[in-house]
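Here's the structure we're looking at; comments come further down.
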Amino acid sequence: VLLQLKHPSSPPCIGSWIPWFGAAFQFGKAPLEFIEEARSKYGPIFTIFALGKRFTFVTDEEGAEAFFTSEDLNFEQAVQQAVQNAASVPAEAFYQNHGNLYTMMKGKMGPSNLHMFTDTLCKELHEHMGQLGNEGTGDLNDLVRRMMYPAVVNTLFGKGVCPTSRSEMKEFEEHFQKYDEDFEYASQMPECFLRNWSKSKKWLLKLFEKVVSDAEKTNPSETTSKTLLQHVLDNLQGRHLAPNYGLLMLWASQANAVPIAFWTLAFILSRPSIYKKIMEDLASVFGKAGRDKIEVSEDDLKKLPFIKWCTLEAIRLRSPGAITKKVVNPIRIQNFTVPAGDMLMLSPYWLHRNPKYFPDPEMFKPDRWKEANLEKNAFLDSFVAFGGGKHQCPGRWFAIMEIQLFTVLFLYKYEFVLLDSVPKESPLHLVGTQQPMAPFRVLYKYRE
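The working numbering applies: residue 432 is where the sequence shown begins, and numbers increase by one.
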């Protein structure tokens with residue numbers, strides 16, 4: 432149903448005869464597909480009315496430029512309520528802390544500081560890979576999660592934060608997985624509608640009370656010895672909210688990196704020529720692949736640009752369904768005026784499928800990244816997986832590094848037999864990177 436607002440210059444608005452719910456039912460079934468269908472039907476700018484809110488999507492270059500450069504849009508106001516719902520951080524505390532914490536994390540996780548994480552993360556990944564044993568069978572997504580969860584948490588939060596016994600680790604994984612799976616819905620609606628999610632959130636917040644307490648007791652005076660969590664504690668206003676920010680930090684560090692590590696491996700393993708080239712590159716840097724524990728430095732990763740290209744190409748193909756800013760003053764885009772109060776939405780997933788910028792957009796083509804000036808930390812034109820402007824993801828360089836490092840170690844140590852075809856991405860999610868629709872089982876064993 433197409434609704435016309437009183438203001439004739441507003442974009443086409445898709446809603447329904449049901450007050451407040453609007454187009455939520457149709458939109459919620461498969462939001463990624465709904466966006467593309469709406470673009471085809473109504474043009475490059477349109478509004479979806481759902482759950483009492485107006486979501487205005489921009490899908491072309493002019494809309495994208497406005498999204499990243501207009502002073503009439505505000506990122507903090509767009510995400511504040513979601514942060515409050517997801518981690519119980521009140522609005523006042525969020526606005527008080529956001530700018531300072533963002534600047535700190537952007538600096539600590541920037542390209543010039545990645546060397547401070549590489550050695551620890553490499554040791555952690557070796558340790559947790561060792562728990563897979565000589566050979567086995569499993570869903571690749573589960574295998575990646577089992578290794579990356581504890582390794583990344585121990586690197587960013589400090590050794591011993593994660594439970595150590597397998598049973599405790601399993602409980603932690605189950606609660607975090609539940610929290611992550613329903614994060615998108617929970618960030619938009621009251622907790623009472625999502626009881627299991629609420630239970631997992633409370634369990635994780637309780638865990639982080641101890642994590643924060645331990646981090647405070649061991650907080651060193653020397654800056655270079657601090658964990659990222661300890662830097663957060665040093666900069667946070669409102670000590671009682673430290674567990675809440677710890678939980679947000681956990682989600683931010685895991686929710687997108689784990690699925691992208693899965694997709695990177697799945698795309699590589701299912702393409703023999705790409706797999707062969709990567710193994711040749713690994714042999715040229717580390718010698719013949721085997722079960723040895725190689726030490727991988729930041730300089731080693733720089734000698735393996737093709738793996739970085741594969742990582743970025745996986746990110747391009749499985750980028751978030753939407754990123755958002757709030758319209759604080761009416762904004763003119765094309766011939767339309769988007770009213771204040773709307774949530775302006777941009778879809779990296781669909782923008783990355785524009786053949787003008789990405790020829791053969793559905794193809795996994797790592798070589799397209801030759802054109803990017805990655806040595807100067809520049810991506811390809813119209814690549815917006817990490818956002819743009821002054822609110823890009825502060826941990827983007829760490830995320831790319833951790834996926835590269837994980838890919839190097841996993842492929843060097845194990846050989847694989849694929850038991851399933853690569854699954855399609857689920858059309859159900861707008862928040863975060865895309866999840867696989869089905870299992871992708873592999874047989875793995877130590878290289879001789």
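Glycine included, each C-beta is placed from N, C-alpha and C at the ideal position.
Can you tell me where the beta strand (DSSP E) holding residue i begins and where it ends?
| i | result |
| --- | --- |
| residue 874 | 872-877 |
| residue 566 | 566-570 |
| residue 768 | 767-769 |
| residue 846 | 845-849 |
| residue 762 | 762-764 |
Report all residues from its chain with a CB closer than 7 Å to the CB of residue i; omit the five preceding and five following residues, and keep chain order.
| i | result |
| --- | --- |
| residue 718 | none |
| residue 901 | Residue 901 lies beyond the residue range present for the chain, which begins at 432 and ends at 879; the question has no answer from this structure. |
| residue 590 | none |
| residue 627 | 609 |
| residue 882 | Within the shown structure, residues of the chain are numbered from 432 to 879, placing residue 882 beyond reach of any answer. |
| residue 456 | none |
| residue 454 | 445, 446, 447, 479, 480, 481 |
| residue 661 | 646, 650 |
Is it true that the CB of residue j sits closer than 8 Å to the CB of residue i?
| i | j | result |
| --- | --- | --- |
| residue 877 | residue 845 | yes |
| residue 819 | residue 499 | yes |
| residue 871 | residue 650 | no |
| residue 783 | residue 827 | no |
| residue 663 | residue 532 | yes |
| residue 636 | residue 514 | no |
| residue 575 | residue 477 | no |
| residue 560 | residue 840 | yes |
| residue 516 | residue 596 | no |
| residue 796 | residue 744 | yes |
| residue 493 | residue 699 | no |
| residue 781 | residue 467 | yes |
| residue 549 | residue 806 | no |
| residue 865 | residue 702 | no |
On the premise that residue j lies in contact with residue i, defined as a C-beta separation below 8 Å, what is that separation, rounded to the nearest angstrom?
| i | j | result |
| --- | --- | --- |
| residue 766 | residue 503 | 17 Å between Cβ atoms; not a contact. |
| residue 792 | residue 785 | 7 Å |
| residue 751 | residue 540 | Not a contact, Cβ separation roughly 19 Å. |
| residue 727 | residue 553 | 5 Å |
| residue 850 | residue 874 | 6 Å |
| residue 489 | residue 495 | 6 Å |
| residue 505 | residue 757 | 5 Å |
| residue 640 | residue 674 | 5 Å |
| residue 823 | residue 814 | 11 Å between Cβ atoms; not a contact. |
| residue 524 | residue 511 | About 10 Å; that fails the 8 Å criterion. |
| residue 642 | residue 588 | 6 Å |
Leaving aside the five residues before and after residue i along the sequence, list all residues of the same chain whose C-beta is less than 8 Å from its C-beta, in chain order.
| i | result |
| --- | --- |
| residue 742 | 691, 695, 831, 834, 835, 838 |
| residue 555 | 581, 582, 583, 585, 586 |
| residue 611 | 682, 685, 686 |
| residue 676 | 518, 520, 528, 532, 663, 667 |
| residue 716 | 731, 734, 735 |
| residue 768 | 438, 440, 441, 761, 762 |
| residue 688 | 579, 583, 830, 833, 834 |
From the DSSP output, which residues share a beta bridge with residue i?
| i | result |
| --- | --- |
| residue 777 | 489, 754 |
| residue 484 | 481 |
| residue 505 | 757 |
| residue 856 | 867 |
Within a Cβ cutoff of 6 Å, which residues of the same chain sit near residue i, ignoring the five residues on either side of it in sequence?
| i | result |
| --- | --- |
| residue 868 | 854, 855, 857 |
| residue 435 | At residue 435, the pLDDT of 48 sits below 50, so the modelled position is not reliable; the number obtained from the coordinates is stated separately. Excluding residues within five positions, none has a Cβ falling inside 6 Å. |
| residue 634 | 606 |
| residue 486 | 479, 774, 776 |
| residue 861 | 462, 752, 753 |
| residue 543 | none |
| residue 625 | 613, 617 |
| residue 599 | none |
| residue 470 | 490 |
| residue 669 | 524 |
| residue 848 | 874 |
I'd like the span of the alpha helix (DSSP H) that includes residue i, first residue to last.
| i | result |
| --- | --- |
| residue 788 | No alpha helix (DSSP H) holds residue 788; DSSP gives it neither H nor E. |
| residue 736 | 736-748 |
| residue 690 | 688-700 |
| residue 633 | 626-648 |
| residue 535 | 522-539 |
| residue 730 | 729-733 |
| residue 415 | The question about residue 415 has no answer, for the chain in this structure spans 432 to 879. |
| residue 663 | 659-666 |
Please tell me whether residue i has its Cβ less than 8 Å away from any Cβ of chain D.
| i | result |
| --- | --- |
| residue 610 | In the structure shown, chain D cannot be found, because there is only a single protein chain. |
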